[in-house]
Structures are given as C-alpha cells and as structure tokens.
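These notes are about the structure you will find just below.
Residue numbers (the numbering used here): 40 to 295.
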C-alpha cells in the first residue's frame with residue numbers, strides 16, 4: 040500500500056509518520072447542526088485503495104450523502120452518470136486518471152474533483168486542463184474536502200429561468216410580480232410554494248427529480264418532508280391536478 044496515500048485517511052498521530060491533517064474522528068463524527076450539508080448528493084469515489092475508499096465513504100455517509108465506490112477507471116466510466124459528483128484519484132490500476140477525467144468531461148458536465156497524491160503545480164494544471172472542477176492533493180483535511188465539494192456543487196447548479204409569465208388554461212403564474220391566479224382569482228402562495236410551482240411550470244414536459252427540486256428551491260436548508268409538505272399545501276390551494284407525482288423520481292407540471 041502506498042504509505043503517503045494511506046496517511047491521508049489515517050488519524051493524525053505520531054505513529055502515522057505524516058502530518059496528514061485528516062482526522063478519522065473528524066470525518067466520522069456526526070455533523071454539527073450549523074454545519075449540516077445543504078444537499079444530499081450521490082457521490083462516486085474512484086479509488087483503488089480499498090481502505091482509503093471505505094474510510095472516506097463512511098465520513099461522507101455520516102454527513103448524509105449516498106456513496107458508491109469503484110476501484111478502476113473503466114468502472115468509473117461506466118458508473119459516473121448515476122452520480123452527482125465524482126471524487127477521482129488519478130492513480131488507477133488500469134487507466135490514467137487524467138484520461139478518465141477527459142472521458143467524463145467529453146460526455147457530461149458532472150462535477151469532478153481530483154483527489155490524488157500528485158501534488159505538483161504541473162499535476163494540478165494538467166488535472167484542471169483535463170476537466171477537473173477542482174484539485175485536492177493528498178494528504179488533505181476532511182473539512183476542506185467537504186468545503187470544496189460544497190463550492191463545486193454550488194457553482195454547478197443550473198441558473199434559474201428568466202422571469203416570465205406562464206399561462207396554462209385558467210392558471211397564470213407571473214414571475215415578475217410573483218403572483219398566481221386561478222380562474223382570475225388570486226391564489227396566496229408562500230415564497231417557496233411560488234418558486235416550486237414556477238420551476239415545474241417552466242418545464243412542463245419534464246419530470247423534475249426530487250433532489251433537483253430541493254436544491255433549486257430550498258438551496259441550503261431542506262429535508263425530504265419539506266417538499267412533500269409544500270406540494271400538499273399547494274395542491275390544496277390550486278388543485279391536485281397541477282402537480283403530478285412520478286413515484287420514485289420526482290414531480291412534473293400537470294394540466295389541472
């Protein structure tokens with residue numbers, strides 16, 4: 040096992056032999072209430088060192104994320120499309136990590152963070168040129184990794200649609216005045232209810248995944264129950280037919 044790589048995930052002790060800056064307790068302790076991640080993401084860890092990968096995965100899962108692990112570049116290229124974020128080691132047994140990064144970037148805009156023992160300036164430049172959204176050299180601190188993940192995901196969130204008035208039969212949604220009317224009568228909505236309805240109505244032929252809806256509308260503070268509560272309340276106000284539940288996926292705009 041590569042000693043330097045192993046030190047990334049070992050507790051910070053004299054026996055480790057390296058001032059790693061990563062504490063096992065730091066990664067595995069439950070997040071403080073003021074530091075809970077704003078979104079639960081599905082993260083793909085591409086790492087050939089099983090001990091390192093599992094330790095990192097446990098830390099991420101304790102912070103609420105779903106985690107998948109693959110050990111080779113070829114597996115990464117088959118699996119990345121199901122993830123929200125890829126943590127990619129560049130030292131892989133079958134393919135060079137830079138080639139894996141280029142392969143992902145040529146086909147998808149999914150955020151990729153290179154997490155690797157290659158720490159020289161040239162390595163960083165090559166990693167970023169290959170399409171990595173960020174580059175973190177081992178050894179690193181778990182809190183720094185979490186902060187970089189948050190920053191990358193924040194930058195990758197799609198821009199909100201341009202303000203417009205959407206009319207569908209008797210329902211009118213005016214983003215400029217943030218008013219909703221049904222059959223000419225005003226419907227009182229909260230800020231989040233309006234944002235949710237407008238997002239769905241802006242993509243009438245598209246099923247909006249629950250996770251995307253949560254990230255777009257609630258941003259840094261939400262739970263799964265929050266969405267269900269707001270959907271239920273909004274349906275009571277405008278009718279159930281305007282918001283259709285696609286079981287196991289999310290919601291789409293209906294026709295009343």
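Virtual Cβ for every residue (Gly too), placed ideally from N, Cα, C.
What is the rounded straight-line gap between the Cα of residue 283 and the Cα of residue 207? Each residue's alpha carbon lies about 15 Å from the other.
Just reading off the alpha helix (DSSP H) that residue 289 is part of, what are its end residues? Premise fails: residue 289 lies in the beta strand (DSSP E), 289-292, not in any alpha helix (DSSP H).
In whole angstroms, what is the alpha-carbon distance linking residue 247 and residue 136? 32 Å
Output yes or no for whether 7 Å exceeds the beta carbon distance between residue 128 and residue 183. no
Beta-bridge partners of residue 28, as assigned by DSSP: As displayed, the chain neither begins before 40 nor continues past 295, which places residue 28 out of reach and without an answer.
Could you give the distance in angstroms between the alpha-carbon of residue 68 and the alpha-carbon of residue 101? Because residue 68 carries a pLDDT of 48, less than 50, the predicted location of this residue cannot be relied on, and no value is offered for it.
Residue 215: buried (16+ other C-beta within 10 angstroms of its C-beta) or exposed? exposed
At 4 residues or longer, and completely inside the segment 111-163: list those alpha helix (DSSP H) runs for me, N to C. 112-118, 136-146
Taking the straight line between their C-alpha atoms, what separation do you get for residue 122 and residue 130? Rounded to whole angstroms, residue 122 to residue 130 spans 20 Å at the Cα level.
Under a three-way DSSP split, which group does residue 174 fall into? strand
Buried versus exposed call for residue 178 [16 or more other C-beta atoms within 10 Å across all chains shown]: buried
Under the three-state DSSP convention, the category residue 264 falls into: helix
Alpha-carbon spacing of residue 285 relative to residue 291, whole angstroms: 7 Å
Among the residues of its own chain, which have a CB less than 6 Å from the CB of residue 169, if the five just before and after it don't count? 137, 140, 141
By Cβ distance, which residues of its chain are closer than 6 Å to residue 43, with the 5 residues on each side in sequence left out? Unreliable positioning characterises residue 43 in this predicted model, as indicated by a pLDDT of 36, which lies under 50. A coordinate reading is not provided.
Coarse secondary structure for residue 246, derived from DSSP in three states: Assigned with DSSP and collapsed to three states, residue 246 falls in coil, not helix or strand.
C-beta atoms of residue 238 and residue 255 nearer than 7 Å: yes
Taking DSSP as the reference, what is the three-state secondary structure of residue 224? strand
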